[in-house]
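Please read the structure below before turning to the comments.
As structure tokens, then:
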């Protein structure tokens with residue numbers, strides 16, 4: 085069954101109810117998912133809206149908040165929401181990927197129960213620090229969210245037909261900022277307003293399908309303060325590259341003459357650069373924004389910036405397993421498929437992988453360790469089948485991502501944050517393929533903990549993490565045509581003691597589908 089999976093980056097506040105019963109607060113939301121006509125680039129097309137909004141409503145939470153979202157599917161196709169970056173500790177049942185959850189069928193609803201346990205920062209949710217927990221910068225005058233991304237002048241159904249025919253999506257038609265593009269005719273409403281002399285926080289997320297976006301503020305500097313839940317070295321930048329699936333937080337001081345200014349978003353690492361703008365208006369400001377836009381950067385850069393507070397001593401832990409993941413591509417039955425070491429993940433399984441595993445019918449759906457940890461360099465053919473790696477609970481694992489192609493790549497790991505210990509640009513020495521001696525160049529002291537990692541063309545990246553969160557978790561290319569056509573896999577991390585200390589039991593209201601319908605529930609964990 086084809087399932088529409090929507091990855092959400094929702095970072096502001098909407099109407100909500102806070103309930104405190106002697107514990108952490110609970111925030112309730114009702115989301116109605118519908119079709120409607122949208123035209124960010126001036127071309128009308130069918131879009132998917134939540135509560136009538138594009139790019140969707142907003143969630144403002146605090147560390148350890150419980151978030152309850154009742155989602156009603158008013159589309160004519162199955163639907164899932166995956167919560168990009170929220171770790172779902174011990175609770176894979178809320179992850180919202182095809183490998184963990186049955187889809188919400190047309191006309192039905194499902195309620196997600198999420199706790200942003202021990203997290204802060206800019207994800208698909210905005211997770212604020214508790215008042216008693218200091219942050220390494222003064223409180224900003226306001227907290228804004230800027231969602232940027234590429235955009236195609238075709239509806240999602242047309243894009244799916246392109247992929248189903250065995251082609252990639254090609255180049256985007258444009259980019260947007262919070263679903264809008266300034267016309268520059270003096271009549272544009274501002275995206276944000278600032279008051280002279282004050283400092284503002286901007287959470288910048290790339291919510292596009294496949295293209296890295298460079299963001300810059302006309303005549304203003306950006307001070308980077310947070311990346312995907314980690315505070316960073318507070319360096320100042322004229323521009324920042326935001327790769328697909330990534331979120332940054334920057335401070336911008338309103339230190340210019342009070343008038344309008346552009347925030348600029350342009351495609352990065354593409355043959356044809358596409359640029360869009362939005363207006364930032366000074367209160368009591370006079371005068372339109374200058375037509376002279378700040379230029380885009382030249383060359384390549386890596387966003388693995390150090391954590392000023394230091395990190396958990398991951399560099400002193402012995403690696404128990406090394407997994408290499410190299411992207412490949414080829415044709416299957418005359419159609420394009422993207423793969424990892426010659427295996428293209430088949431997402432058309434009857435039963436979600438986690439459900440099949442929990443109900444002990446996994447053999448009907450998949451085999452474990454579909455690809456070897458250290459496969460041969462060249463693969464002659466492409467196989468299509470589910471890719472599932474069996475990883476031992478609490479083992480400390482090294483994952484090497486190799487990009488053998490000439491386009492930039494970006495990967496996301498659900499359920500976890502990891503330490504990005506090596507990320508090299510195309511102009512650096514460490515290009516090509518990985519080998520064990522390359523470990524001497526790892527950052528084993530103060531790497532940023534994050535959940536996405538980019539690979540530049542003909543380069544590689546390395547991450548380290550402890551697989552201590554039980555569940556079935558997705559590693560996927562954030563470049564959507566690569567993901568849709570097979571460049572993804574799942575890792576299974578099982579509780580060795582079948583204990584609720586490691587993993588929660590399946591919720592009573594969990595949707596069932598495929599081979600598990602009608603089966604008795606397994607004995608609950610204790």
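In the working numbering, the protein residues as written are 85 to 610.
For each residue, glycine too, the CB sits at the ideal point set by N, CA and C.
- In this structure, the beta-carbon distance from residue 550 to residue 484 does not fall below 8 Å.
- In the DSSP assignment, no residue is bridged to residue 531.
- By the neighbour-count criterion, in which a residue is buried when 16 or more other Cβ atoms sit within 10 angstroms of its Cβ, residue 603 is exposed.
- Approximately 11 Å separates the beta-carbon atoms of residue 185 and residue 155; this is outside 8 Å, ruling out the contact.
- Under the DSSP assignment, residue 338 falls outside any beta strand (DSSP E); it carries neither an H nor an E label.
- Here residue 347 is not near residue 308, since their CB atoms are 8 Å or more apart.
- Within a 10 Å sphere around the beta-carbon of residue 586 sit 16 or more other beta-carbons, which makes this residue buried.
- Rounded to whole angstroms, the separation of the alpha carbons of residue 253 and residue 300 is 26 Å.
- About 12 Å separates the beta carbon of residue 425 from that of residue 570, a gap too long to meet the 8 Å contact definition.
- Residue 560 is classed as buried because its beta carbon has at least 16 other beta carbons within 10 Å across all chains shown.
- Judged by pairs of C-beta atoms under 8 Å, the region 521 to 531 does not touch the region 357 to 365, as fewer than three such pairs exist.
- With contacts defined as CB atoms closer than 8 Å, residue 398 and residue 503 qualify as a contacting pair.
- Secondary structure note for residue 240: its alpha helix (DSSP H) is the uninterrupted segment 240 to 248.
- Take residue 539, set aside five residues on each side of it, and the residues of its chain with a beta-carbon closer than 6 Å to its own are 485, 487, 493 and 545, in chain order.
- Straight through space, the alpha carbons of residue 449 and residue 505 are spaced by roughly 35 Å.
- Within the DSSP bridge table, the entry for residue 374 names no partner.
- Take residue 318, set aside five residues on each side of it, and the residues of its chain with a beta-carbon closer than 6 Å to its own are 307 and 309, in chain order.
- In summary, residue 375 is exposed, with fewer than 16 beta-carbon neighbours lying within 10 Å of its beta-carbon over all protein chains present.
- Looking at the DSSP output, residue 317 shares a beta bridge with no other residue.
- Sorting 564, 477 and 589 by C-alpha distance to the C-alpha of residue 290 places 564 at the top.
- Look at residue 549 here: in three-state DSSP terms it is strand.
- It is roughly 7 Å from the alpha-carbon of residue 240 to the alpha-carbon of residue 131.
- For residue 609, no beta strand (DSSP E) segment is defined, and its DSSP state is neither H nor E.
- Boundaries of the beta strand (DSSP E) harbouring residue 557: 555 to 561, taken from the DSSP string.
- Per DSSP, the beta-bridge partners of residue 421 are 414.
- Listed in chain order, the beta strand (DSSP E) runs fully inside the region 415 to 488 are 419 to 424, 472 to 474 and 480 to 486, counting runs of at least 3 residues.
- Close CB contacts of residue 575 within its chain, under the 6 Å cut and outside five residues either way in sequence, are with 473, 475 and 557 (chain order).
- Taking the Cα positions, residue 554 is about 19 Å away from residue 605.
- Residue 281 and residue 413 have their alpha carbons spaced roughly 52 Å apart.
- Out of 180, 138 and 501, the CA that lies nearest to the CA of residue 534 is found in 501.
- For residue 490, the CB contacts under 8 Å within the same chain, skipping 5 residues up- and downstream, are 541 and 542 in chain order.
- Rounded to the nearest angstrom, the Cβ distance from residue 336 to residue 304 is 5 Å, consistent with a contact under 8 Å.
- Taking C-beta atoms as the reference points, residue 312 and residue 330 count as a pair closer than 8 Å.
- Setting aside the 5 residues that flank it on each side, residue 451 has no residue in the same chain whose C-beta is closer than 6 Å to its C-beta.
- Around the beta carbon of residue 444, fewer than 16 other beta carbons lie within 10 angstroms, which makes this residue exposed.
- In this chain, the beta strand (DSSP E) harbouring residue 227 covers 227 to 235.
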